[in-house]
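Below: one structure, written as structure tokens.
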Amino acid sequence: MKVSLFITCLADHFYPEVGEAVVHLLRRYGCEVDFPPNQTCCGQPAWNTGLEDEARAYARAYIETFENSEYVVMPSGSCAGHVRYYYPQMFKDDKEMYRRACAVADKTYEFSQFLVNVLGVRDVGARFPAKVVFHNNCHMQRELGVFEEPLTLLRHVRDLELLDNPRYDLCCGFGGAFSVKMPEISTAMADERLGIYVGTKADIIVSCDGGCLMHMGGRAERQGLPVRTMHLATLLWEGVKNNGR
6 MKVSLFITCL ADHFYPEVGE AVVHLLRRYG CEVDFPPNQT CCGQPAWNTG
56 LEDEARAYAR AYIETFENSE YVVMPSGSCA GHVRYYYPQM FKDDKEMYRR
106 ACAVADKTYE FSQFLVNVLG VRDVGARFPA KVVFHNNCHM QRELGVFEEP
156 LTLLRHVRDL ELLDNPRYDL CCGFGGAFSV KMPEISTAMA DERLGIYVGT
206 KADIIVSCDG GCLMHMGGRA ERQGLPVRTM HLATLLWEGV KNNGR
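Be aware that the sequence shown starts at 6, since it is given in the numbering used here, and climbs by one per residue.
Here it is in structure tokens:
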């Protein structure tokens, strides 16, 4: 099985270890992974701020880059949701581009979604002794429809205690451009979300999106809260190494 990695802007600049973990785990299950070097942003920030022409330019570049790939996998429910949900809508008035957008969208997957639903993997052979709460980002659960897949992977990690998330429906407040346009509201949302997570006595907040991790991790550090953030792929790969498998 051949898989092309789309790294995302935040992983590229702030969380390169996440991309490395995804590659290691995919190769562990027999995938041949390539990294098209001409990839760029998926265009979600432009689309969300109303810059539709710029967003379509990013979408065209993504389509041209990955339309010959067998699968496209990325460590971001937000970016994957954008590609799968919005790309076809962007080109609904252009028959040929609509066809190409739909074809690429159909083979674009968030990492845990691909691991569980395509590869059929539920237990990666990881051991990670920690109390963990999972934060499912808004785009991942509402646009992509992915919720159980990351939980399934976490439940199979040895010595990991997966805590109940009492308010899985709450946004962390990042929202990309939203956190820049409305920083006070964004910060208040993050603090509310963190208060709930700290109340669960979790050691680690795990998510599948770099934006949420960066936003909550920054606020937790500033406030000296006893919790840290980690991407699901990083935790799984560290757990595999911990388990000597």
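No residue lacks a Cβ here, since even glycine has one placed at the ideal position from N, Cα and C.
These figures come from a predicted structure and were not determined experimentally.
Along the chain, where does the alpha helix (DSSP H) that runs through HIS236 open and close?
Numbered from its first residue, the sequence shown carries residue 236 at position 231. From DSSP, HIS236 is part of no alpha helix (DSSP H) but of the beta strand (DSSP E) over 233-236.
Can you grab the Cα-Cα spacing for the pair ARG233 / ASP99, in whole Å?
Here the question's residue 233 lines up with position 228 in the sequence shown. Here the question's residue 99 lines up with position 94 in the sequence shown. Cα to Cα, ARG233 sits roughly 45 Å from ASP99.
Reduced DSSP category for MET6 - H, G, I as helix; E, B as strand; rest coil:
The residue you call residue 6 lines up with position 1 of the sequence shown. In the structure shown, MET6 sits in coil (DSSP, three-state: anything other than H, G, I, E or B).
Check SER117 in the structure and name its three-state DSSP category.
Here residue 117 is taken as the residue at index 112 of the sequence shown, counted from 1. DSSP places SER117 in helix when its eight states are reduced to three.
Residue(s) in a DSSP beta bridge with GLU69
For the purposes of this step, residue 69 is taken as residue 64 along the sequence shown, with counting starting at 1. Paired residue(s): none; GLU69 is not in a bridge.
On the criterion of 16 or more Cβ atoms from any shown chain inside 10 Å, does HIS18 qualify as buried, or is it exposed?
Mapped onto the sequence shown, residue 18 falls at position 13. Flag for HIS18 reads exposed.
Three-pair Cβ contact test at 8 Å for the segment 14-28 versus the segment 78-88:
Note that the segment 14-28 touches the segment 78-88; at least 3 beta-carbon pairs, one per stretch, sit closer than 8 Å.
Assess, as a yes-or-no matter, whether the segment 185-203 is touched by the segment 145-164 under the definition of 3 or more beta carbon pairs within less than 8 Å.
Counting C-beta pairs with one atom in each stretch, the segment 145-164 and the segment 185-203 have fewer than three that are closer than 8 Å, which means they do not touch.
Same chain only: Cβ atoms within 7 Å of PHE96, ignoring 5 sequence neighbours per side
Locating residue 96 in the sequence shown gives position 91, where the first residue counts as 1. Closer than 7 Å at Cβ, skipping near neighbours: MET102, TYR103, ALA106.
Alpha carbon to alpha carbon, what distance is there between GLY244 and ARG132?
The residue given as residue 132 occupies position 127 in the sequence shown. The residue given as residue 244 occupies position 239 in the sequence shown. Cα to Cα, ARG132 sits roughly 5 Å from GLY244.
For GLY216, count neighbouring C-beta atoms within 10 Å of its own C-beta (all shown protein chains included) and say buried if the count is 16 or more, exposed if not.
Here residue 216 is taken as the residue at index 211 of the sequence shown, counted from 1. That one is buried.
Who are PHE139's beta bridge partners in DSSP?
Position 134 of the sequence shown, counting from 1, holds the residue named residue 139. Per DSSP, the beta-bridge partners of PHE139 are VAL211.
Do VAL211 and LEU168 have their C-beta atoms closer together than 7 Å?
Here residue 211 corresponds to residue number 206 of the sequence shown, with the count starting at 1. Here residue 168 corresponds to residue number 163 of the sequence shown, with the count starting at 1. No, they are not a contact pair.
Note the first and the last residue of the continuous alpha helix (DSSP H) segment covering LEU156.
For this step, residue 156 is matched to residue 151 along the sequence shown. DSSP places LEU156 in the uninterrupted alpha helix (DSSP H) bounded by 153-160.
Would you mind stating whether ASP58 and ALA135 have Cβ atoms separated by less than 7 Å?
For this step, residue 58 is matched to residue 53 along the sequence shown. For this step, residue 135 is matched to residue 130 along the sequence shown. No, these two residues do not count as a Cβ contact at 7 Å.
Expected contact under 8 Å - CB spacing of GLY150 and GLN49 to nearest Å:
Translated into positions along the sequence shown, residue 150 becomes position 145. Translated into positions along the sequence shown, residue 49 becomes position 44. Going by Cβ atoms, the distance from GLY150 to GLN49 rounds to 17 Å, so no, they are not a contact pair.
Alpha carbon to alpha carbon, what distance is there between MET6 and CYS36?
Here residue 36 refers to the residue found at position 31 of the sequence shown. Here residue 6 refers to the residue found at position 1 of the sequence shown. One C-alpha to the other measures close to 5 Å.
Within 10 angstroms of its Cβ, does ASP174 collect 16 or more other Cβ (buried), or is it exposed?
By one-based count along the sequence shown, residue 174 stands at place 169. Classification of ASP174: exposed, given that the 10 Å Cβ count is below 16.
Beta strand (DSSP E) segment containing ASP99, residue limits
Translated into positions along the sequence shown, residue 99 becomes position 94. ASP99 -> no beta strand (DSSP E), and no H or E assigned at all.
With 16 as the cutoff for other CB atoms within 10 Å, does PRO171 come out buried or exposed?
Sequence index remark: in the sequence shown, residue 171 carries index 166 (1-based). Counting Cβ neighbours within 10 Å, PRO171 comes out exposed, since fewer than 16 surround it.
I need the DSSP call for TYR76, collapsed to helix, strand or coil.
Indexing the sequence shown from 1 puts residue 76 at position 71. The answer is strand: DSSP assigns TYR76 an E or B state.
For VAL88, count neighbouring Cβ atoms within 10 angstroms of its own Cβ and tell me buried if that reaches 16, exposed if not.
The residue given as residue 88 occupies position 83 in the sequence shown. That one is buried.
Proximity below 7 Å, CB of VAL121 to CB of GLU148:
Locating residue 121 in the sequence shown gives position 116, where the first residue counts as 1. Locating residue 148 in the sequence shown gives position 143, where the first residue counts as 1. No, these two residues do not count as a Cβ contact at 7 Å.
Starting from the C-beta of GLY178, find all residues in its chain whose C-beta is less than 6 Å away, skip the five residues before and the five after it, and write them out in chain order.
Position 173 of the sequence shown, counted from the first residue, corresponds to residue 178. Setting aside the 5 residues that flank it on each side, GLY178 is surrounded in the same chain by SER191, MET194, ALA195, each with a C-beta closer than 6 Å to its C-beta; the list follows chain order.
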